[in-house]
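Visitor: Straight run, no breaks: the sequence shown in this note's numbering ends on number 1545.
Using N, Cα and C, we set each Cβ at its ideal position, and we do this for glycine too.
From a predicted model like this one, the values you see are computed outputs, not experimental measurements.
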Amino acid sequence: MVLLTSGDDNPTRSLVTAVQEWADAEHVDLRTIVVGTAHDAVASIARAMEMGPDLIVSAGNDLVDPLALVTPSHLDEKFLVVGAELAEPTHNVTAVDWDGASFRGEGLGASSTYDPASFTAERCAAAIRAGVAAVLNDLTGIVVWL
1400 MVLLTSGDDN PTRSLVTAVQ EWADAEHVDL RTIVVGTAHD AVASIARAME MGPDLIVSAG
1460 NDLVDPLALV TPSHLDEKFL VVGAELAEPT HNVTAVDWDG ASFRGEGLGA SSTYDPASFT
1520 AERCAAAIRA GVAAVLNDLT GIVVWL
C-alpha cells in the first residue's frame, strides 16, 4: 500500500497517523510519499502507481483535485480517499467521509460544514478500517459515510 499525503494541518496529520498505525497493526507493507507542493501532486500520484501497490490511500485535501484528474485514466489502480471525496469518482475510487469532512475540491474550497476538530484519532482510525474493508469487498466507486 502507498500513502500519498499532502499538508501539515492537524486533520492531515491525524489521518496519516491513523493509516500508519493501522498498517503497523495489520502488518501491511506501507510506503509513504509526501507531496511537497500542489505542482508535484500529479507526478507523486504517478510515482505511487509505479510502485505497483494493491491500494493507494490519500490523506490531505490538496490531493483531491489531482486525484480527480488522474484516476479516470488509470481504472486498473485502486484508490482510497480518507477524510475527503472526489466530486465525480470513477469505479476505482472509494472515499470515507463524515460530518465535518466533506471536501470535494474543484476550487470550491471546504464544505460549509468542514470542521477540523472532527478529525479525531478514533474517527480517522475508523475511516481507514472502513475504507480498506470496502475496497477488499469490491465496494468501490462509492463514499462510505461514517
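1. Please report the straight-line C-alpha distance between Asp1445 and Leu1466, rounded to a whole angstrom.
2. Does Ser1457 come out as helix, strand or coil in the three-state DSSP assignment?
3. Is Leu1535 helix, strand or coil by DSSP?
4. Between which two residues does the beta strand (DSSP E) containing Leu1439 stretch?
5. Curious, which full-length beta strand (DSSP E) runs of at least 3 residues does the region 1404 to 1440 contain?
6. Could you pull out every residue in the same chain whose Cβ sits closer than 8 Å to the Cβ of Ala1520, ignoring the five residues on either side in sequence?
Guide: Well, looking at it:
1. Numbered from 1 along the sequence shown, position 46 holds the residue referred to as residue 1445. Numbered from 1 along the sequence shown, position 67 holds the residue referred to as residue 1466. Note that residue 1445 is Ala in the sequence shown here, rather than Asp. Going by the C-alpha atoms only, they are around 10 Å apart.
2. As a position in the sequence shown, residue 1457 is number 58, starting the count at 1. Note: Ser1457 maps to strand in three-state DSSP.
3. Your numbering for residue 1535 matches position 136 in the sequence shown. It is helical.
4. Indexing the sequence shown from 1 puts residue 1439 at position 40. According to the sequence displayed, residue 1439 carries Asp and not Leu. Unbroken run through Asp1439: none, as it is neither H nor E.
5. 1430 to 1433
6. Here residue 1520 corresponds to residue number 121 of the sequence shown, with the count starting at 1. Taken in chain order, the residues that qualify are Ser1413, Thr1416, Ala1417.
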